[in-house]
Amino acid sequence: MTSPVFAVLVAGKLVRTDFVQVDAVRFMMELPSAEHINHVAVFLTGAAPLPDGFGATVHLLWPLPTPTWKLLGALTNDKPSAVYKFSTAHPPVGQTSATFAGQGGRLDASMASVAANEMLDEGGPSGPSPITATIGISLEPLASITAQLSTQPPHPTPTPPSQSDMASLAQRAIKKVADSLLDHVGSYVGSTSMVSFNVLREWHAKVMQRASIDPGWIMRE
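Residue 11 in the UniProt record's numbering sits at position 11 of the sequence shown; the count goes up by one each step and never skips.
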């Protein structure tokens with residue numbers, strides 16, 4: 001029995017290796033109740049390396065409203081694992097299988113039709129049945145994979161906060177700490193009394209405890 005080369009892990013589930021081999025280079029695995037999946041990890045098991053000069057493109061078939069494939073990324077011997085977020089992986093409405101076939105290499109409409117027939121067997125996409133997505137893997141030359149990934153839309157880069165934003169955050173944090181100290185000390189002494197160091201130590205302990213329970217407390221108004 002040949003050891004599985006590819007594996008999938010959904011959070012809270014066991015590792016799965018039960019890919020169905022479609023042909024010499026393509027593999028598929030159904031993911032039931034996909035509407036509840038947030039992230040999925042796809043990786044090489046290490047049982048055998050990929051052939052020299054080849055990698056594996058990873059694809060997602062989302063069945064609603066129309067079965068549509070989307071290229072997620074790729075695995076190679078140098079990058080044997082990846083985690084994909086489903087909320088950003090769902091293909092946009094209107095992206096057809098024919099269009100995806102041109103973008104995603106060898107995973108074409110024939111594979112989409114298999115999943116579509118399975119959806120009909122379950123009662124159709126309009127029924128209350130859970131969504132079954134499909135992970136597809138295709139062995140392809142590294143040059144082809146590089147070309148495909150180069151056409152992928154770039155991931156949005158978070159905009160770093162400006163200096164004025166950082167200054168505003170610092171002012172809010174300092175004011176929050178100062179107000180906390182004033183309130184704490186004021187509960188023990190009057191305006192002309194001396195403050196015991198133990199009072200400051202107690203205040204410090206309370207602030208640290210609150211920060212550990214609610215880290216965002218200091219940044220809120």
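Backbone N, C-alpha and C fix where the C-beta goes; we use that ideal spot for every residue, glycine too.
- LYS79 and ILE137 have their C-alpha atoms some 15 Å from each other.
- In terms of Cβ geometry, LEU61 and THR134 form a close pair [threshold 7 Å].
- Nearest in C-alpha terms to PRO51, of all of LEU31, LEU139, ALA11, VAL10, is LEU139.
- Annotation for LYS13: no beta strand (DSSP E) segment contains it, and DSSP assigns it neither H nor E.
- Taking the CA atoms as reference points, LEU44 sits about 26 Å from PRO67.
- A Cβ-Cβ distance of about 7 Å is found for the pair PRO4 and PHE19, placing them in contact under the 8 Å criterion.
- About 7 Å separates the beta carbon of THR76 from that of LEU142, a gap short enough to meet the 8 Å contact definition.
- Secondary structure at THR146: helix, using DSSP grouped into helix, strand and coil.
- Boundaries of the alpha helix (DSSP H) harbouring GLU202: 197-213, taken from the DSSP string.
- Listed in chain order, the non-local C-beta contacts of LEU9 below 6 Å within the same chain comprise VAL15, ALA41, local neighbours out to five positions each way being set aside.
- Excluding residues up to 5 positions away in sequence, ALA41, VAL42, PHE43, LEU44, LEU75 lie with their Cβ nearer than 8 Å to the Cβ of SER81 in the same chain.
- With respect to GLY73, VAL83 sits apart: the two C-beta atoms are not nearer than 7 Å.
- Within the DSSP bridge table, the entry for SER187 names no partner.
- Annotation: HIS36 is outside any beta strand (DSSP E) and is labelled neither H nor E by DSSP.
- Non-local C-beta neighbours of HIS184 in its own chain, meaning closer than 8 Å and more than five positions away in sequence, comprise VAL199, GLU202, TRP203, LYS206, ordered along the chain.
- Burial state of ILE37 is buried, judged by a 10 Å Cβ sphere holding 16 or more other Cβ atoms.
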